[in-house]
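These notes are about the structure you will find just below.
There are 2 protein chains.
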Amino acid sequence: MPGKNIYSDFSREQLCEEQQKLTEIYGEYKAKNLKLNMTRGVPCKEQLDLSDEMLKIDLGGTGEDIRNYGGLLGTDSSREMFRDLLGAESIDEIMVFGNSSLAVMHDCITRSMLFGVYDGATPWSKLDKVKFLCPVPGYDRHFSICEYLGIEMINIKLNPDGPDMDEVERLVNSDPSVKGIWCVPKYSNPDGITYSDAVIKRLANLSPAADDFRIYCDNAYIAHDITENGDELTDIFAELKKNGKEDLLYMFASTSKITYAGGGICALCAGAKNINYISSKVFIQTIGPDKINQTRHALFLKDKAGIKAHMAKHREILKPKFDAVARGFTQNLGGTNLARWTEPNGGYFISLYVPDGCAKETIALAAGLGVALTPAGSTYPYKKDPDDANIRIAPTFPPVSDLELAIDALCVCVKLAYVRDKLKLI
Amino acid sequence: MPGKNIYSDFSREQLCEEQQKLTEIYGEYKAKNLKLNMTRGVPCKEQLDLSDEMLKIDLGGTGEDIRNYGGLLGTDSSREMFRDLLGAESIDEIMVFGNSSLAVMHDCITRSMLFGVYDGATPWSKLDKVKFLCPVPGYDRHFSICEYLGIEMINIKLNPDGPDMDEVERLVNSDPSVKGIWCVPKYSNPDGITYSDAVIKRLANLSPAADDFRIYCDNAYIAHDITENGDELTDIFAELKKNGKEDLLYMFASTSKITYAGGGICALCAGAKNINYISSKVFIQTIGPDKINQTRHALFLKDKAGIKAHMAKHREILKPKFDAVARGFTQNLGGTNLARWTEPNGGYFISLYVPDGCAKETIALAAGLGVALTPAGSTYPYKKDPDDANIRIAPTFPPVSDLELAIDALCVCVKLAYVRDKLKLI
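Just so you know, the protein sequences line up as chains A and B, in that order.
Numbered by this note's numbering, the letters in the first sequence go through residues 336 to 761 in order.
Numbered by this note's numbering, the letters in the second sequence go through residues 336 to 761 in order.
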């Protein structure tokens, strides 16, 4: 946080006093023996309940026998549903898989390592260096895949309108070892920002030095508004097509946070050339996906409008939780200039930025109170937050009363961490 | 086929006459405009119907929330079910995944390519040569995985009691580039043979030159008897444990041919050391499997006894089909010494062996009649049957009346292909 904060003009003595006061409050919270978990973006029971009717749907009479082998690309009805949701032109641009879009992303990258990104491309495992651009803060699971496969990650600053495109263009368009960029274009994890029209248009007009560069676009929150008028996201696939560059895109989506986190379905959206190549490799890997669950989802959610209507029910559950977090931060930290936080219109997370060097300590202090947060650094490649400032808040799972308590407790930890840190430096 | 056959003493003239006669019969079949498919081991509608009660099971009250994220290793109840089926000692030796055991096998091999088989092992992609032993004839999908990943396949003769163990021991115990052997130990695809006690015990006592050698044991038909007293299979995991060699085994199984071919669940069974390593890598790949479908299966099938009872219902449907094929071959080819065929006690396939050099021609002739068979060579690595003699019959999908017609037609093709071939050589 630039500029002065409430403690800026404190003398050493005043800081000591403040530390003592905060330590006392901290002790009071400790005596409560809290057990609150805000670590992961997990839907709560009430959200899961919203889809229980799906399990009772009569699956008969769907024409083809969805119980048998086959259908490598997924059922037509589930492909059509994702086509509508993702704005593709044809189901030829859609493959539908099982319950984990992360697994499909992982597959795309291991496939590139072993076989290359297109027929005849050099497998990445034969290259000295493969690099991915990582807008930060971002999703830890994306970064883990790269880290474990030895892909070098380059941090890209995520501005309120999307990644720093000057830097993205400079690197992508000049360095042939840059093979990908991770993007969560709507309600990014954890900041909750949505890429602007200008950013999407620049992404859709990249001229990569590598002919096997792809945009790994994880559209995990495409339908996940928590305000009535959610953010508008420019259709990157359509923009790429205008530029004749549709082969640059792999787009991923899933129903994990629409129906069931553990029992949903997921999709890959890409140009027909990419889909043809990928399906030729997936053909080696499996006979086909679980078409029963795909059919269940298509019958339950139907299309984009059906998904939108269903997500409105999630919104009712989630809005009070996001509001509680914002309220807690405002009440406890508002006007202190000690921290800033995001107030997204959708997604699953809120980012809290504490003073540089204080995130790890804040999270450790919170853990001491029984308030579990995503480990410090998780939102950065190699788990290294260069500023040690970002804390990811996952408010969806706990009830509002728990959240209120957790945020109050967390704010004490923010202050205590900062005051302690400052005292060390004096 | 060694020895004399019905045509051995035929003169050129007699062969020409026979050819004409067979061509006439062939023409009569052609006029029927048949459309019969025996290409793949696919359950029929009546088999799939057996599990439809499963979709109506009440999933509530299972304790943990199976609808949410988590549970990387699979649900405890489905792990316990597979533990019982596969004879493992503890669910720590079992991971349960989604609908495709082939995908899990593929994953095991790509993981070995990229990361190595254990912590610290050299990734296979960094080695000059990786070899797998392939008992033949075998399952085309196993061979495809190897072929596409550049793994060299070595044919091993599959005897009526299992793979030629002299050759297996010689290669595995001396060549460090031999990293695996594919095994379908019960009702092998396509011969339907079950490995003998002696073969299993020798497999369980291999002393591989490579410390990252594994037995890739696809127990796809472990519960798939089609006679009341099915074959007994010695427990390879228990035998390996006796020898302190349990780390040599990856065993795979699925419910694809128990419940739904497209919507089942599958398992990996291995020593705890392997499971620990594999789950550490799967953790990067996915948040967890579809626990709803796992729970559904565990509630429906319960345990080994439950699976056995359910498979008895499959047996009633399949036995008449396998019998029809055997009957057709006996009636049309019995005593001709032109062909031999297997009469397995379980599994999904029957192997027909025609005279050397005649399989491709027989299958092409059958295709001309509208009788679709698995392409010649498919049961061998690189799709090359060195004898051009093996034809895989998949009798589960068509109704008995279709099967009878298809086998009659096929037998005409066997004879015609042989007579044509013999005439060319005279």
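Cβ coordinates follow ideal geometry from the N, Cα and C atoms, glycine included.
Please read these numbers as outputs of a predicted model, since none were measured by experiment.
The shortest C-alpha to C-alpha distance from Gly-712(B) to any of Glu-651(B), Ser-413(B) and Gly-692(B) is the one to Gly-692(B). Secondary structure at Tyr-551(A): strand, using DSSP grouped into helix, strand and coil. Among the CB atoms of chain A, one or more fall inside 8 Å of the CB of Tyr-595(B).
Taking a cut-off of 8 Å on C-beta distances, the stretch 585-595 of chain B touches the stretch 603-610 of chain B, as three or more cross pairs fall below it.
For a Cβ distance threshold of 9 Å, residue set Thr-445, Met-448, Leu-449 and Ser-460 of chain B lies close to Met-448(A), ordered along the chain. Nearest to Met-389(A) by C-alpha distance, out of Gln-620(A), Ala-752(A), Arg-414(A) and Ile-627(A), is Ile-627(A).
For Pro-655(B), the enclosing alpha helix (DSSP H) covers residues 639-668.
Counted as a single uninterrupted DSSP element, the alpha helix (DSSP H) harbouring Lys-380(A) occupies residues 380-384. The Cβ atoms of Gln-354(A) and Leu-700(A) do not sit closer than 8 Å to each other. Burial state of Arg-347(A) is exposed, judged by a 10 Å Cβ sphere holding fewer than 16 other Cβ atoms. Excluding the 5 residues flanking it on each side, Ser-531(A) has same chain C-beta neighbours closer than 7 Å at Asp-496 and Gly-497, in chain order. Taking a contact as a CB-CB distance under 8 Å, the pair Arg-375(A) and Ala-729(A) counts as one, their CB atoms being some 6 Å apart. For Glu-487(B) against Lys-464(B), the beta-carbon gap comes to about 6 Å, under 8 Å, which counts as contact. Taking C-alpha positions only, Ala-694(A) is separated from Tyr-404(B) by approximately 26 Å. Only those residues of the stretch 391-405 of chain A whose C-beta falls short of 8 Å from the nearest C-beta of chain B are listed: Leu-394, Asp-400, Ile-401, Arg-402, Asn-403, Tyr-404 and Gly-405. Only buried fits Ser-460(B), as 16 or more other CB atoms lie within 10 angstroms of its CB. Val-749(A) and Asn-725(A) have their C-alpha atoms some 12 Å from each other. At a C-beta separation below 9 Å, Val-377(A) has these neighbours in chain B: Asn-403, Tyr-404 and Gly-405. DSSP, read as helix, strand or coil, puts Asp-560(B) in strand. Counting only residues of its own chain and dropping the five nearest sequence neighbours on each side, Leu-421(A) has a CB closer than 8 Å to the CB of Ile-429, Asn-554, Ile-557, Phe-572, Met-586, Ala-588, Ala-602 and Cys-604.
In this structure Leu-369(B) touches Leu-704(B) by the C-beta definition: roughly 6 Å separates them, less than 8 Å. Within its own chain, the residues whose Cβ lies closer than 6 Å to the Cβ of Ile-561(B), once the five positions on either side in sequence are excluded, are Arg-650, Leu-653, Lys-654, Phe-657 and Gly-681, listed in chain order. A distance below 7 Å between beta-carbons, with the five flanking residues on each side excluded, links Asp-427(B) to the following residues of its chain, in chain order: Ala-607 and Ile-610. Bridge pairing for Trp-517(B): Tyr-551(B) [DSSP]. Nearest to His-632(A) by C-alpha distance, out of Asn-578(A), Lys-367(A) and Phe-417(A), is Phe-417(A). Ile-642(A) places its beta carbon 8 Å or farther from that of Leu-634(A). In the three-state DSSP reduction, Phe-684(B) falls in the coil class, being neither helix nor strand.
DSSP links Lys-391(B) through a beta bridge to no other residue.
Scanning Ser-343(B), Glu-399(B), Asn-434(B) and Gly-409(B) for the CA closest to the CA of Ile-600(B) turns up Asn-434(B). Note that the C-beta distance between Pro-543(A) and Val-507(A) is below 8 Å.
Below the 8 Å Cβ cutoff, chain B contributes no neighbours of Asn-490(A), its closest Cβ being approximately 20 Å away. Between Ile-480(A) and Ile-444(A), the beta carbon gap of about 6 Å places them in contact (Cβ cut-off 8 Å). When beta bridges are read from the DSSP output, Gly-405(A) appears opposite no residue. Chain-ordered listing is empty here: chain B has no CB closer than 9 Å to the CB of Ile-426(A), the nearest sitting near 18 Å. Taking a C-beta cut-off of 9 Å against chain B, none of the residues of the stretch 537-553 of chain A qualify. For the stretch 692-724 of chain B, no residue has a beta-carbon sitting nearer than 9 Å to a beta-carbon of chain A.
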